[in-house]
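One structure below.
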Amino acid sequence: MIHKLLWAVFSNAKGILVLESSTKALVLPKFRDVQKSIASPSPEMIAFDDTPGKEQICVYNGTEWSFWTWK
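Following the numbering used here, the numbering of the sequence shown begins with -19 at its first residue and continues without gaps.
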């Protein structure tokens, strides 16, 4: 089963990691207050901050966090 998942061909996308599905989605790791929860983040780390009222996607560039919100 894993072999089929890893080697299935869905497109000709040119990426190191290509996630494709018509029924599934990427689920990011969840944290409350990402900056306080992750003491030593790695560059290019992506996480979801699920603090109520402040839900956002967080990306660390090696120096600082960037935040994507949609509200």
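Idealized CB from N, CA, C, for every residue including glycine. The structure presented is a predicted model; accordingly, all values stated were derived computationally and were not measured.
Leaving aside the five residues before and after residue i along the sequence, list all residues of the same chain whose C-beta is less than 7 Å from its C-beta, in chain order.
| i | result |
| --- | --- |
| Leu6 | Leu(-1) |
| Gln36 | Asp29, Phe47, Trp48, Thr49 |
Smallest Cα separation from residue i: which of the options?
| i | options | result |
| --- | --- | --- |
| Pro21 | Arg12, Val39, Leu8, Asp30 | Val39 |
| Ala19 | Gly42, Gln36, Phe47 | Gly42 |
| Arg12 | Ser2, Lys4, Ala27 | Ala27 |
How long is the line joining the alpha carbons of residue i and residue j, rounded to whole angstroms?
| i | j | result |
| --- | --- | --- |
| Val14 | Lys51 | 18 Å |
| Met(-19) | Pro9 | Because Met(-19) carries a pLDDT of 41, less than 50, the predicted location of this residue cannot be relied on, and no value is offered for it. |
For residue i, which residues from the same chain have a beta carbon less than 6 Å from its beta carbon, with the 5 sequence-adjacent residues on both sides left out?
| i | result |
| --- | --- |
| Met25 | Tyr40 |
| Pro23 | Gly42 |
Kindly list the residues whose CB is nearer than 8 Å to the CB of residue i, restricted to its own chain and excluding five residues on each side of it in sequence; keep chain order.
| i | result |
| --- | --- |
| Trp45 | Val14, Gln15, Pro21, Cys38, Val39 |
| Thr31 | Arg12, Asp13 |
| Lys(-16) | Unreliable placement is indicated for Lys(-16), whose pLDDT of 48 sits below 50; the coordinate value is still reported in the next sentence. So no residue of the chain qualifies. |
Using a Cβ-Cβ distance under 9 Å, would residue i count as near chain D?
| i | result |
| --- | --- |
| Ser46 | This model lacks chain D altogether, as it is built from one protein chain only. |
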